[in-house]
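Report on the structure given below.
Protein chains: 2
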Amino acid sequence: MGLDTPTKKPHDRLSEMLNHDMAGVNALIRERMASKHAPRIPEVTAHLVEAGGKRLRPMLTLASARLCGYDGPFHVHLAATVEFIHTATLLHDDVVDESSQRRGRPTANLLWDNKSSVLVGDYLFARAFQLMVEPGDLRVLDILSSAAATIAEGEVLQLTAAQNLKTTEEIYLQVVRGKTAALFSAATEVGGVIAGVDEDLVQALYTYGDALGIAFQIADDLLDYQGDANATGKNVGDDFRERKLTLPVIKAIAAADDTERAFWKRTIEKGDQRDGDLEQALALLNRHGALENTRDDALEWAETAKVAMRAMPTSEMRDVLVDLADFVVARLY
Amino acid sequence: MGLDTPTKKPHDRLSEMLNHDMAGVNALIRERMASKHAPRIPEVTAHLVEAGGKRLRPMLTLASARLCGYDGPFHVHLAATVEFIHTATLLHDDVVDESSQRRGRPTANLLWDNKSSVLVGDYLFARAFQLMVEPGDLRVLDILSSAAATIAEGEVLQLTAAQNLKTTEEIYLQVVRGKTAALFSAATEVGGVIAGVDEDLVQALYTYGDALGIAFQIADDLLDYQGDANATGKNVGDDFRERKLTLPVIKAIAAADDTERAFWKRTIEKGDQRDGDLEQALALLNRHGALENTRDDALEWAETAKVAMRAMPTSEMRDVLVDLADFVVARLY
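So the sequence lines, in the order shown, correspond to chains D and W.
When we follow my numbering, the leftmost residue of the first sequence carries the number 839, and every step to the right adds one.
When we follow my numbering, the leftmost residue of the second sequence carries the number 839, and every step to the right adds one.
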């Protein structure tokens, strides 16, 4: 595209279309992260919430509700709930992963301490549940509390499945649902539920969020092996060095002969990595078409998301959400 | 009392009276702590849940519901919810406090790791919220999610108020509500709400749980300075050595002259403790009647609990709950 005809990214278009609603979400977040006696809580929360994330998850809730013609006030509460759950999981993730950087800034566990990250995360979880009770819709509560359970279960699974060469694509998918897709699908589904639309539309919104989240995460895991470091902000092979069993490696291990299996056992399971191992890993991923197959999977999930979204009534919002599904895998070409 | 006429402790009597309901709670807890793919979750949970705690919190919910004539099935869900929230906070507390022992056994963070304790705690929080949604009562959801927020806020407050000599009795009370009383009062209140009794009885149940929890925690903090190590399982002065600003010390600091204030500043704020300091602290606590005043406060809260409980309809259950309030401070004579 030429410089004269800049095409806006789908999430930037979403952001413009939902500008007014998002202002409400941001105001509610600021209001509810306050604490009369414990200033540590808003300090830690603000560090993350105001770090310039894309706010994709709350926008998915707002967009789904609008798409379904909702005109009440509670999509704002649910969007804030989704952002609080997301922020709480980031705080706890950084403790669990012993991370020192997120979005190019020092993590809360580094700036304050692990204790603050654990406890402020708990506070945000509790505030999320308080917020989600306010619309008075039991189905919404069921969806969001189940998503929270899936997220935590996926994290424990990732902890215990790490470095286990027996990890299957099924388990990988469950970890991915925990990491990303469960909150995406809950975010879109509750938008439809709060609007009171027919069950088939609610189901379509769920499928869209689920498939979008999975496509997003698979693309992320693939780019770790073939991405452009300038575009992704990650170095090629970070996951390999951190011995993460992501989809490309799971596919390569499934197709491995004995010698190759010994290589993966040494490098991933035992963590004994030497010069040239990343190059060897990439050669094995290519030999078995693991990267190509992973890309096909991501495209298939993006297609599933688009098909589901096309079941929704025609509107500009719908078109942007369809484009968003294309966008998350566009990086893979 | 003679050996022929053993007087059973109130919680043992509660346990007998609620035997059947508690079997249901235990079955539900086992069912809901399961995870198809992540066996780490039930392992860690079972380590705590089956550690032989008194299960006082779920019994408070069951007893309150029974006292109010509830004959539905959902008091069991709410009791299990309360126990899950309690277990989740214990897991996170042990990470935050870097504890290695609880109830005489190694903590989960020691047996597994901090990561597992953080994530399994999150899973139990989420499961608690799923469970509390099932009775379909929005007020119950509001009470329990607010209690969860108060608990987390109290923990952050304790973290930041620690070693700050300006900590007031008001802040102490808020920390105590977070540590103990908020879950006690939510446990009793939801028992009345689920039974659908009049507002004044719901309020009485709330007041009972709140005051019982505060009396319990104040008694605990007092016994740290004057308890019998054999009976309490704690050594006299543990809180002093850990520089905790509990009620006796807050009262002594409020009455301190300049020299005494310098002593507290050195020992608690700066943590510079020497031989003979505990004895000096005890002398100051006695000089200002801080221990006696703390005991009076505990007795007053126990009295508040008893007065509230006496507003409930006469029954054996009511009498046991009145006795329970006496029991938590009986250790102080």
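Where is the CB? At the ideal position from N, CA and C, for every residue including glycine.
Bear in mind the structure is a predicted one, so any value in this text is a computation, not a measurement.
query: Within chain D, partners of residue 1044/W - CB distance below 9 Å; result: What residue 1044/W touches in chain D: nothing, since even the nearest Cβ is about 17 Å away.
query: Residues that residue 876/W contacts on chain D, provided the C-beta gap is smaller than 7 Å; result: 991, 994, 995, 998
query: C-alpha distance - residue 921/W paired with residue 1116/D, whole-angstrom precision; result: 48 Å
query: Bounding residues of the alpha helix (DSSP H) (the contiguous stretch that carries residue 1074/W); result: Element bounds for residue 1074/W: n/a, residue is neither H nor E.
query: Enclosing alpha helix (DSSP H) for residue 1061/W [first to last residue]; result: 1037-1064
query: Where the alpha helix (DSSP H) containing residue 867/D begins and where it ends; result: 857-870
query: Beta-carbon contacts of residue 858/W that lie in its chain and below 7 Å, excluding the five residues immediately before and after; result: none
query: Residue-level contact to chain W via CB, residue 953/D, 8 Å cutoff; result: yes
query: Cutoff 8 Å: residue 974/D Cβ touching any chain W Cβ; result: yes
query: Assigned exposure category for residue 938/D - 16 Cβ within 10 Å defines buried; result: exposed
query: CB contact check: residue 961/D to chain A, cutoff 8 Å; result: This model lacks chain A altogether; the protein chains it does include are D and W.
query: The segment 956-972 of chain W in contact with the segment 982-990 of chain D per 3-pair CB rule at 8 Å; result: yes
query: Residue 982/D versus residue 940/W - alpha carbon distance; result: 32 Å
query: Residue span of the alpha helix (DSSP H) that contains residue 1107/D, given as start and end; result: That residue, residue 1107/D, is in no alpha helix (DSSP H); it is neither H nor E in DSSP.
query: Distance between residue 1050/W and residue 1044/W (C-alpha atoms, nearest Å); result: 10 Å
query: Any 3 or more C-beta pairs closer than 8 Å across the segment 893-907 of chain D and the segment 928-935 of chain D; result: no
query: is_contact[residue 958/D, chain W] using C-beta, thresh 8 Å; result: yes
query: Straight-line gap, residue 802/D to residue 973/W (C-alpha atoms, nearest Å); result: No statement about residue 802/D is possible, as the shown extent of chain D runs from 839 to 1171 and does not include it.
query: Closest by C-alpha distance to residue 1123/D, when choosing among 1145/D, 1111/D, 1084/D; result: 1084/D
query: Short CB-CB distance (under 8 Å) between residue 965/D and chain W; result: yes
query: Residue 943/D - partner residues in DSSP beta bridges; result: 940/D
query: CB contact check: residue 979/W to chain D, cutoff 8 Å; result: yes
query: Alpha-carbon to alpha-carbon, residue 864/D and residue 1162/D; result: 22 Å
query: Below-8 Å beta-carbon distance, residue 1032/D vs any chain W residue; result: no
query: Given 8 Å, three or more beta-carbon pairs between the segment 1129-1136 of chain D and the segment 1051-1064 of chain D; result: yes
query: Local Cβ density within 10 Å of residue 1118/D, reported as buried at 16 or more and exposed below that; result: exposed
query: Residues near residue 1104/D by beta carbon distance below 6 Å, same chain, minus five either side; result: 1110
query: Proximity to residue 1053/W [Cα-Cα], best of 910/W, 868/W, 1169/W; result: 1169/W
query: Extent of the continuous alpha helix (DSSP H) run through residue 902/D; result: 894-905
query: Residue 973/W (DSSP reduced to helix, strand or coil); result: coil
query: Sub-8 Å separation of residue 866/D and residue 915/D beta-carbons; result: yes
query: Buried versus exposed, by CB contacts within 10 Å (16 or more), residue 1040/D; result: buried
query: Residue 1018/D beta carbon less than 8 Å from that of residue 1046/D; result: no
query: Helix, strand or coil at residue 1083/D [DSSP, three-state]; result: coil
query: Residue-level contact to chain D via CB, residue 1028/W, 8 Å cutoff; result: no
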